[in-house]
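All you need for the working numbering is the position in the sequence shown, starting with 1, plus 21.
What follows is a short report on a single structure.
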Amino acid sequence: MTVIALFHLTLLLIVGLSNVNAFQSAQHTFQYRPISDANNHYHVPSITTTTTTTTTTTNTRFLQKFTTKASASHILIKGGEEAADKLEEIKAEIDDSPVKFAKAAAQYSQCPSASKGGDLGEFGPGSMVKEFDAVVFTDPINTTIGPIKTSFGYHLIYVRERTE
């Protein structure tokens, strides 16, 4: 339905279906301007550039979210500085061993993933809190990272794999 047809329908509803003469006189007082004429008055070249940049950025973020993946495990201890201190002790025992990390997660972690050795499975950027994501998607793999503070507590993180 064209803009003009929508305008006619709107006027019919406003004026009332029974008063067709009033509608026709209102129709004649309205000035129509062709859309092509309106385009000649306004020219905004920056819209195309901005749209392209925004679209490219959006596409990059979209692709990154669905193509970049990581597999990681973690040990969560809730609390303040004492939790961080405990994780430092655990980290010294683990010595970057995935087997030792899984055993420590099962023993110490206060997260439901403890029953799976702290395994969080595979996930993409934005799936975890930002402090966690920042470490998982930038730090080296196959090392014990942390303690990292998040809103949940303190974490030790072991990134097993990352695809980009």
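Note that beta-carbon positions come from the ideal geometry of N, C-alpha and C, so glycine has one too.
Here the structure is a predicted model, which is why all the values come from computation and not from measurement.
Considering only residues of the same chain and omitting the five flanking positions on each side of residue i, which have a CB-CB separation below 6 Å?
i      : result
Ala105 : Pro168, Tyr175
Glu185 : Thr89
Lys107 : Ile98
Thr164 : Asp117
Reducing DSSP to helix, strand and coil, say where residue i ends up.
i      : result
Phe144 : strand
Ser136 : helix
Pro168 : strand
Val150 : coil
Thr88  : helix
Thr159 : coil
Within a Cβ cutoff of 8 Å, which residues of the same chain sit near residue i, ignoring the five residues on either side of it in sequence?
i      : result
Glu114 : Lys121, Ala125
Gln131 : Leu97, Ile98, Lys99, Gly174
Which one of the options has the shortest CA to CA distance from residue i?
i      : options                       : result
Lys90  : Lys99, Thr165, Met149, Ala127 : Met149
Phe144 : Arg183, Gly101, Thr76, Thr77  : Arg183
Lys170 : Glu109, Ala123, Thr78         : Glu109
Leaving out the 5 sequence neighbours to the left and right, which residues in its chain are closer than 7 Å to residue i when beta-carbon positions are compared?
i      : result
Ala93  : Leu141, Val157, Ile178, Tyr179, Val180, Arg181
Pro119 : Tyr179, Arg181
How about residue i and residue j: do their beta carbons lie closer than 8 Å?
i     : j      : result
His95 : Gly139 : yes
_For a minimum of 3 consecutive residues, which ranges assigned as the beta strand (DSSP E) are wholly contained in the segment 90-117?_
90-98
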